[in-house]
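Below: one structure, written as structure tokens.
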């Protein structure tokens, strides 16, 4: 009886053999999900494409490249800086990453019109670049990674101004559509000056209603939006720095479609020589980064609202820049704030000959590139997948070379 039971058990094992476990990486869908989570560095996908032909086919698929960019949309690296050359009339790229992630300078460049044609680089955000062509009264929205371009005529009211400020941003959760916000200080009524704003939606292809607000009565005719300072997005609002006899910011609440003027801390105004930029505070709200030029001291301020709804500025951390950044300068020289890298939570600074970025959470500084002179440029943060290298028969090896 025991032998029969043993034989039956043996037969059962022979009838139902155990199938070998399927290797997880044999499933293309699962492999795609794994590759999707590679770091958003320019060399990630070219490196993956070198593993085997199957991996190369997966990562070179344009649909995968779009998913990769969308997945890392909120944590792109700072690829470098964009600026428009005064003589070349070309929008040029200055890479900030080290090899093998360094993107060649010529990869993100755009040639404009003839000599003397005025162009202004208004800002970069969410991988998009916003340029204003004053002669044609057009704005250009350009995606350097995909090479997509959109030329849009500015609203009639803004066409009367040669100098306007603006910002571009992707629609929330949408990789296709974008918004453009333009703003200007109206000079038609010298007694009652106004700030004006208008928003374009690529989804509708239309400009929205004109939004306006009265400027404070003490705002002089010389007060302007500082064109060399790009707008900073904090939560649902854009902020531009005001220049003139009123120290503050112009706030444009995109959700409520409301403009307002926010004054800077009076204690800071009394300091005299300083440079500032808007930033995101630790709690995600409005913050302010200030460099006191005479002392090489940086201050971090944040905007607080009490239980009665009254907003005020509160001084947070103080940073000794000469200890954080190795300046090695023979004498006191100015520190220029180039802008705020929103996705990397860092302030970009220029000291004579060197660009730095200070990460506001860790208070660590990083040398980005060398430049002996200061010029207006914008931090460019984006996910560059280098699909042209991957799909161009070079197996992605081009970007891995020391460019």
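Numbering (our numbering), first residue to last: 3 to 405.
Idealized CB from N, CA, C, for every residue including glycine.
Residue 160 places its beta carbon 9 Å or farther from that of residue 213. Residues of the same chain with a CB within less than 7 Å of the CB of residue 314, apart from the 5 flanking positions on each side, are 306 in chain order. Here residue 351 is not near residue 83, since their CB atoms are 9 Å or more apart. Taken in chain order, the complete alpha helix (DSSP H) segments of 4 residues or longer contained in the region 40-124 are 46-51, 55-61, 64-73.
Put simply, of 31, 208, 365 the residue whose alpha carbon is nearest the alpha carbon of residue 325 is 365.
When DSSP states are grouped into helix, strand and coil, residue 237 belongs to the coil group. Bounds of the alpha helix (DSSP H) holding residue 325 are 323-326. Annotation for residue 158: the continuous alpha helix (DSSP H) segment containing it runs 158-161. Within the same chain, 140, 142 come within 7 Å of residue 153 by CB-CB distance, once the 5 residues on both sides are set aside. A direct Cα-to-Cα measurement between residue 45 and residue 121 gives close to 32 Å. Linking residue 73 to residue 60 through their CA atoms gives a straight-line distance of about 16 Å. Here residue 211 carries a coil assignment [DSSP, helix/strand/coil]. Taking C-beta atoms under 8 Å as the contact rule, residue 167 and residue 182 fail to qualify, at a distance of about 11 Å. Distances from the alpha-carbon of residue 335 to those of 304, 321, 374, 312 put 374 closest. In the DSSP assignment, residue 278 falls outside any alpha helix (DSSP H) and lies within the beta strand (DSSP E) extending over 276-282. According to the DSSP assignment, residue 256 belongs to no alpha helix (DSSP H), since it is labelled neither H nor E.
A distance of 9 Å or more separates the beta carbons of residue 233 and residue 283. With fewer than 16 neighbouring CB atoms inside 10 Å of its own CB, residue 191 falls in the exposed class. The region 341-360 and the region 102-109 do not touch, with fewer than three beta-carbon pairs separated by less than 8 Å. In the three-state reduction of the DSSP assignment, residue 270 falls in the helix class. In the displayed model, residue 371 falls within a strand according to three-state DSSP. For residue 31, the enclosing alpha helix (DSSP H) begins and ends at 30-38. Here residue 202 is bridged, per DSSP, to 182, 209. Residue 300 holds the alpha-carbon nearest to the alpha-carbon of residue 317 among 96, 189, 300, 135. The Cβ-Cβ distance between residue 40 and residue 66 does not fall below 9 Å. Taking C-beta separations shorter than 8 Å and ignoring five residues to either side along the sequence, the partners of residue 188 in its chain run 195, 196, 197, 198, 214, following chain order. Ranking 312, 204, 33, 304 by CA distance to the CA of residue 58 puts 33 first. Here DSSP, grouped into helix, strand and coil, assigns residue 357 to strand. It is roughly 7 Å from the alpha-carbon of residue 248 to the alpha-carbon of residue 225. Using a Cβ distance threshold of 9 Å, residue 210 and residue 259 count as a contacting pair. Going by beta carbons, residue 346 and residue 79 fall inside the 9 Å limit. Residue 289 is bridged by DSSP to 281, 304.
In this structure, the CA atom of residue 298 is about 21 Å from the CA atom of residue 230.
Residue 144 and residue 162 have their C-alpha atoms spaced approximately 24 Å apart.
Put simply, the backbone Cα of residue 296 is about 43 Å away from that of residue 157. Short of 7 Å from the beta carbon of residue 368, and not among the five residues preceding or following it, lie these beta carbons of its own chain, in chain order: 358, 359.
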